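K.L.:
Numbering (the working numbering), first residue to last: 6 to 259.
#1: At what residue ranges does the region 50-76 contain a whole run of the alpha helix (DSSP H), taking only runs of 4 or more?
#2: Measuring only the C-alpha atoms, how far is residue 210 from residue 106?
#3: When DSSP labels each residue in this structure, what does residue 40 get in the three-state scheme?
#4: Take residue 96 and list the residues in its own chain whose beta-carbon comes closer than 8 Å to its own, dropping the five residues that flank it on each side.
#5: In three-state DSSP terms, what is residue 195?
#6: Please report how far the alpha carbon of residue 243 lies from the alpha carbon of residue 65, in whole angstroms.
#7: Just mark residue 241 as buried or exposed, buried being the case when its beta carbon has 16 or more other beta carbons within 10 Å.
#8: Return the residue from the list 53, 89 and 93 that minimises the CA-CA distance to residue 204.
#9: Tell me which residue opens and which closes the alpha helix (DSSP H) that residue 213 is part of.
#10: Which residue's Cα is closest to the Cα of residue 47: 133, 121, 138 and 154?
#11: According to DSSP, what are the bridge partners of residue 142?
#12: Let me confirm a value: residue 188 is counted as buried when at least 16 other C-beta atoms fall within 10 Å, else exposed. Which label applies?
#13: Under 7 Å Cβ to Cβ from residue 141, same chain only, skipping five residues before and after it: list those, please.
#14: Secondary structure at residue 163, three-state DSSP: helix, strand or coil?
#15: Buried or exposed: residue 121, going by 16 or more other Cβ atoms within 10 Å of its Cβ?
#16: For residue 120, does the three-state DSSP call read helix, strand or coil?
#17: Going by C-alpha to C-alpha distance, which of 195, 90, 117 and 199 sits closest to residue 237?
#18: How about residue 149 and residue 60: are their beta carbons less than 8 Å apart?
#19: Buried or exposed for residue 226, please, with buried defined as at least 16 other CB atoms from any protein chain shown within 10 angstroms of its CB.
#20: Apply the 10 Å Cβ neighbour rule to residue 49 and answer buried if 16 or more other Cβ atoms are within range, or exposed otherwise.
#21: Helix or strand or just coil, what does DSSP make of residue 241?
#22: Residue 111 bridges to which residues according to DSSP?
#23: Apply the 10 Å Cβ neighbour rule to residue 245 and answer buried if 16 or more other Cβ atoms are within range, or exposed otherwise.
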């Protein structure tokens, strides 16, 4: 158990012991062979590096776009000498004929390195994925590298970005949306005051909480699955809803 003192308000962080020693990569927990990252990270629209996919002998890696609701239209693997690529549907260029082009899952496997005179010899590759969603098309980037040990995960799951101002239809009632906005404001206040760092494990767990909620989980379940306590979420919401604290924050920022 740990605690953080925010202007005489103590935030208690209860972190479940099973998650303490698990690696955290790109603000996503790896659980039961699945690693989750947001669209912003995978499209290169964040401060983090593009995702790295390690391919190990005998183990394939799946890239799933199921939760984003997007359809994969095109893929490019720049170095086919190190990996094979397949999809769960039919894509032009990968299959000879497609009655209906599109896929939602990409499967990569390490192969014995081929000698291709047209390509420079390297153990890495860039994988580019073009998708189409309900409102727009997006380009995803992944760095594919050779590995030599059992991977930490077998599926890389892409999740929709978190937007603190969400349409109320995503949630069962408007109170959920309001509370998320309060939590987001409270987190921003603590960050600007230097009370929490983006590099901390706690920050990463809170980011995972937002991702979980954006994927459709309730606030309670999202907090539980992110390894943080409801007390912490409630304290952040209190900070984000306290008009006096917000005004002090605005004055200090000027």
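We treat Cβ as the ideally placed atom computed from N, Cα and C, and that holds for glycine.
Fair warning: this is a prediction, and the values are worked out from it, not measured in the lab.
P.N.:
According to the structure data:
#1: Listed in chain order, there is nothing to give.
#2: Position 205 of the chain shown, counted from the start, is the residue given in the question as residue 210. Position 101 of the chain shown, counted from the start, is the residue given in the question as residue 106. Cα-Cα distance, rounded: 37 Å.
#3: Counted from its first residue, the chain shown places residue 40 at position 35. In this structure, residue 40 counts as strand in the three-state DSSP scheme.
#4: Position 91 of the chain shown, counted from the first residue, corresponds to residue 96. Around residue 96: 77, 78, 79, 80, 103, 106, 107 and 108.
#5: By one-based count along the chain shown, residue 195 stands at place 190. The DSSP-derived three-state label of residue 195 is helix.
#6: Position 238 of the chain shown, counting from 1, holds the residue named residue 243. Position 60 of the chain shown, counting from 1, holds the residue named residue 65. Taking the straight line joining both Cα atoms gives about 45 Å.
#7: For the purposes of this step, residue 241 is taken as the residue at position 236 of the chain shown. With 16 or more other Cβ atoms within 10 Å, it is buried.
#8: Residue mapping note: residue 204 aligns to position 199 of the chain shown, counting from 1. For the set 53, 89 and 93, the Cα lying nearest the Cα of residue 204 is the one of 53.
#9: As a position in the chain shown, residue 213 is number 208, starting the count at 1. First-last of the alpha helix (DSSP H) with residue 213: 206-219.
#10: What you label residue 47 is simply residue 42 of the chain shown in a count that begins at 1. The option with the nearest alpha carbon to residue 47 is 133.
#11: On the chain shown, position 137 is the one that residue 142 refers to. Partner(s): 137.
#12: Locating residue 188 in the chain shown gives position 183, where the first residue counts as 1. Residue 188 comes out buried.
#13: Locating residue 141 in the chain shown gives position 136, where the first residue counts as 1. Excluding residues within five positions, none has a Cβ falling inside 7 Å.
#14: Reading the chain shown from its first residue, position 158 is the one you call residue 163. Correct three-state label for residue 163: strand.
#15: One-based indexing of the chain shown puts residue 121 at position 116. That one is exposed.
#16: Mapped onto the chain shown, residue 120 falls at position 115. Coil at residue 120, not helix or strand.
#17: On the chain shown, residue 237 is found 232 positions in, with the first residue counted as 1. 195 is the residue among 195, 90, 117 and 199 whose C-alpha sits nearest the C-alpha of residue 237.
#18: Residue 149 sits at position 144 when you count from the first residue of the chain shown. Residue 60 sits at position 55 when you count from the first residue of the chain shown. Yes, Cβ-Cβ distance for residue 149 and residue 60 is below 8 Å.
#19: Within the chain shown, the letter at position 221 stands for residue 226. By the neighbour-count rule (16 or more Cβ atoms within 10 Å), residue 226 is not buried but exposed.
#20: Indexing the chain shown from 1 puts residue 49 at position 44. The residue in question, residue 49, is exposed, as its Cβ has fewer than 16 Cβ neighbours within 10 Å.
#21: Taking the chain shown and counting its residues from 1, the one referred to as residue 241 is at position 236. Residue 241 sits in a helix when the DSSP states are folded into three classes.
#22: Numbered from 1 along the chain shown, position 106 holds the residue referred to as residue 111. 68 and 92.
#23: Taking the chain shown and counting its residues from 1, the one referred to as residue 245 is at position 240. So residue 245 ends up on the buried side.
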